[in-house]
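What follows is a single structure, written as C-alpha cells, with notes after it.
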Amino acid sequence: MSKSKLKQHKTPIWVSSLALCALVLTFVLVSAGHAQQVLDRIVAVVGDQIILESDLDTQLDLYVSQMRASVRSEKEREQLKKQLLEQMINDRLLLNAAKKDTLIKVTSKEVDDAVQKQMSSVKAEFTEEEFRAQLKAEGLTENELRKKYREQIQDQMMIDRLVASKLQKVSVSAKEVRDFYQEFQDSIPNQPEAVKLSHILLEIKTSPETLDSLKGQAERIRALAQQGQDFADLARRYSDDPSAERGGDLGFFGRGDMIPKFEETAFSLAPGQISDVIRTEFGYHIIKVEDKTDDRVHARHILILIRPSQQDSLRTEQLADSLYQLLQQGADFSELAKQFSDDQESKKMGGELGWYPVAQMTPEFRQGLENLQVGEVSRPLKSPSGIHIIKLLDKREERKLTLDEDWDAIKDMIRRKKTNELVQQWVQKLRQDIYVDIRI
Numbered sequence: 235m236s237k238s239k240l241k242q243h244k245t246p247i248w249v250s251s252l253a254l255c256a257l258v259l260t261f262v263l264v265s266a267g268h269a270q271q272v273l274d275r276i277v278a279v280v281g282d283q284i285i286l287e288s289d290l291d292t293q294l295d296l297y298v299s300q301m302r303a304s305v306r307s308e309k310e311r312e313q314l315k316k317q318l319l320e321q322m323i324n325d326r327l328l329l330n331a332a333k334k335d336t337l338i339k340v341t342s343k344e345v346d347d348a349v350q351k352q353m354s355s356v357k358a359e360f361t362e363e364e365f366r367a368q369l370k371a372e373g374l375t376e377n378e379l380r381k382k383y384r385e386q387i388q389d390q391m392m393i394d395r396l397v398a399s400k401l402q403k404v405s406v407s408a409k410e411v412r413d414f415y416q417e418f419q420d421s422i423p424n425q426p427e428a429v430k431l432s433h434i435l436l437e438i439k440t441s442p443e444t445l446d447s448l449k450g451q452a453e454r455i456r457a458l459a460q461q462g463q464d465f466a467d468l469a470r471r472y473s474d475d476p477s478a479e480r481g482g483d484l485g486f487f488g489r490g491d492m493i494p495k496f497e498e499t500a501f502s503l504a505p506g507q508i509s510d511v512i513r514t515e516f517g518y519h520i521i522k523v524e525d526k527t528d529d530r531v532h533a534r535h536i537l538i539l540i541r542p543s544q545q546d547s548l549r550t551e552q553l554a555d556s557l558y559q560l561l562q563q564g565a566d567f568s569e570l571a572k573q574f575s576d577d578q579e580s581k582k583m584g585g586e587l588g589w590y591p592v593a594q595m596t597p598e599f600r601q602g603l604e605n606l607q608v609g610e611v612s613r614p615l616k617s618p619s620g621i622h623i624i625k626l627l628d629k630r631e632e633r634k635l636t637l638d639e640d641w642d643a644i645k646d647m648i649r650r651k652k653t654n655e656l657v658q659q660w661v662q663k664l665r666q667d668i669y670v671d672i673r674i
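Throughout the sequence shown, residue numbering follows this note's numbering, covering 235 to 674 in sequence.
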C-alpha cells in the first residue's frame with residue numbers, strides 16, 4: 235500500500251468493529267486533536283462499562299470506510315451515530331452475557347492463533363517501513379498492538395460462540411423461502427458481478443544468506459557497544475524499531491509484557507549488561523538493561539528487522555516467471571499450485587479461492603484479470619502478500635436472483651433475518667437486567 239493511500243485512512247491501527255459484528259482490523263489514522271477533544275465525553279454507560287464519544291466517532295469512520303457509505307448531511311451523520319451506538323451497547327450486553335455463561339469457552343491457543351493471523355494480514359497491507367511508521371504515528375509498540383488485538387479478538391470470539399449457541403435451532407422451511415421471494419423479489423439485491431479464481435502465491439522470503447548478513451550486522455553493532463560506544467547513540471543510528479528516536483528506550487516493563495524470548499533475556503541481565511544477539515519473530519535484538527527490580531526491568535534495545543533483500547525479491551520474481559512460462563506451455567495449474575504456492579489453505583485445493591465479487595477485489599487483482607478469458611492465467615503480479623499468478627476459472631454477470639438458481643442464497647438471507655430478529659429480542663431481555671444509560 236502506498237503512502238498516499240495510507241494517508242486516506244482515519245481510524246486507528248488497532249480498532250476492530252464489534253459494532254459491525256465482525257473483526258475489521260485495518261491500519262488507519264486519527265488526528266490526536268480530534269481524539270483529545272472528545273476523550274472525556276461519555277455517550278453511554280452499560281453496567282460498569284462506558285462508551286466514549288471518541289470510540290463512537292471511530293466506529294462511524296470505520297463504518298463509512300468499510301461500507302462505502304455516503305453521509306450527506308449532519309442530520310444523517312447523527313442518525314447513523316445513534317444506530318452505531320445502539321449496536322455498540324448491544325455488543326457489550328452480549329459480551330457481558332458471554333462472560334457469565336460457563337459453557338462459553340475460548341482457549342488461549344485459539345486467541346493466539348487468531349492474533350498471529352491478524353498480525354500477518356495487517357502487515358501484508360504495508361511495507362515494513364510503513365508498518366513501523368504507522369505504529370509510531372499512533373504511539374504504539376508492536377507488542378502493545380498485539381495486546382489490543384488479543385483483547386478484541388477474544389471478546390469477539392466469546393460473542394460469536396454465545397450467539398451460535400443460542401441460534402442452533404434456527405431453521406427455514408421451503409414455504410418460507412417461496413413466500414419471502416414472492417414478497418421481496420423486487421427489493422432483493424442483485425447477485426453482483428463475480429469471478430471464480432485460483433492462484434499461486436509466492437511470498438518474498440528472507441533467504442538464509444540474507445539472514446546471515448542481518449545477523450552479522452547485529453553482531454558488529456553489539457561489538458561496538460561492548461567496546462564502549464554509547465548504546466543510545468547506536469540505537470538511534472542503527473535500530474529499525476520506533477524506539478530508535480528515544481535511543482532504544484523501552485522504559486520499565488513487567489513479566490508478560492514482552493514476547494517470551496525477549497523478556498527471558500532482559501530479565502536474565504544485570505543493570506549495565508548487554509545481551510548477546512538474540513532472534514525473535516521480528517528480527518535480531520541487542521538488549522541493554524538500565525535498571526531492574528524484582529518484577530520489572532528498564533531496558534533499551536536495538537532491532538535489526540528480518541526483511542528480504544533485493545536479491546531475495548529478484549529470486550522470487552524469476553521463479554514466478556518460470557512458473558508462468560510452464561503454464562503457457564500447458565503445465566497443470568492445480569499441480570503447480572500444490573507444489574509451489576505459499577497460500578497454505580488454497581494450495582490444498584490446487585490454488586482455488588472460490589467466488590469473489592469484482593467490486594470488492596483489490597486493484598492488483600482487478601488489473602491482473604483485465605482482458606483474461608475463462609481458463610486463462612495472468613502474468614505474475616505483485617501485491618502486499620507477494621507475487622501471484624491468477625487463473626480465471628469462471629465468471630458471472632450481475633443479475634437478478636431467482637428461486638430456481640439461487641434457492642440456497644435466498645434461504646441464507648432468511649436465516650440471517652431470523653437470526654437478527656432473535657438476537658434483538660434476546661438483547662432487549664438483557665437490557666432489563668443490566669443498567670444502560672444513553673447520553674446523546
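From the three backbone atoms N, C-alpha and C, an ideal C-beta is built for every residue, glycine too.
Bridge partners of residue i, per DSSP?
i, result
"K522", "I508, R534"
"V611", "K625"
"R456", "Beta-bridge pairing links R456 to no other residue."
"S617", "G620"
"A428", "P591, R630"
"I644", "In the DSSP output, where bridge partners are listed per residue, I644 has none listed."
"I284", "V279"
"F486", "H532"
"L436", "I621"
"L539", "G517"
"E586", "S432"
Between which two residues does the alpha helix (DSSP H) holding residue i run?
i, result
"A478", "Looking at the DSSP string, A478 is not in any alpha helix (DSSP H), and its letter there is neither H nor E."
"D491", "D491 -> no alpha helix (DSSP H), and no H or E assigned at all."
"T550", "544-562"
"L329", "308-334"
"G602", "597-603"
"L369", "362-371"
If we count the other Cβ atoms within 10 Å of its Cβ and call it buried at 16 or more, is residue i buried or exposed?
i, result
"V277", "buried"
"N324", "buried"
"D295", "buried"
"E310", "exposed"
"V429", "buried"
"P614", "buried"
"I621", "buried"
"Y669", "exposed"
"E312", "exposed"
"S580", "buried"
"L259", "The predicted model places L259 with a pLDDT of 32, which falls under 50 and marks its position as unreliable; any figure quoted below should be read in that light. L259 comes out buried."
"R665", "exposed"
"A459", "buried"
"Q368", "buried"
"F599", "buried"
"A348", "buried"
"A405", "In the sequence as displayed, the identity of residue 405 is Ser instead of Ala. Exposed, by the Cβ-count rule."
Over the uninterrupted beta strand (DSSP E) stretch that includes residue i, give me the two end residues.
i, result
"V356", "No beta strand (DSSP E) holds V356; the alpha helix (DSSP H) holding it covers 342-357."
"I393", "Looking at the DSSP string, I393 is not in any beta strand (DSSP E); the run it does join, the alpha helix (DSSP H), is 376-400."
"I276", "276-280"
"V670", "670-672"
Among residues of its own chain, excluding the 5 on either side of residue i, which ones have a beta-carbon nearer than 8 Å to its beta-carbon?
i, result
"V345", "R384, I387, Q388, M391"
"S441", "P542, S543, Q545, D546, R549"
"G584", "S432, F567, S568, E569, A571, K572"
"I338", "A332, M392, R395, L396, S399"
So, at 6 Å on beta carbons, what are the nonlocal neighbours of residue i in its own chain, with the 5 sequence-adjacent residues on each side left out?
i, result
"I674", "V277"
"R456", "V511, I520"
"A408", "none"
Please list, in chain order, all residues of the same chain as residue i whose beta carbon is under 7 Å from its beta carbon, the five residues on each side excluded.
i, result
"A253", "Unreliable placement is indicated for A253, whose pLDDT of 32 sits below 50; the coordinate value is still reported in the next sentence. These residues qualify, in order along the chain: Q293, L318, Q321, M322, D325."
"L557", "I434, L570, F574, I623"
"L587", "L431, S432, H433, S580"
"A533", "L484, A500, I521, K522, V523, E524"
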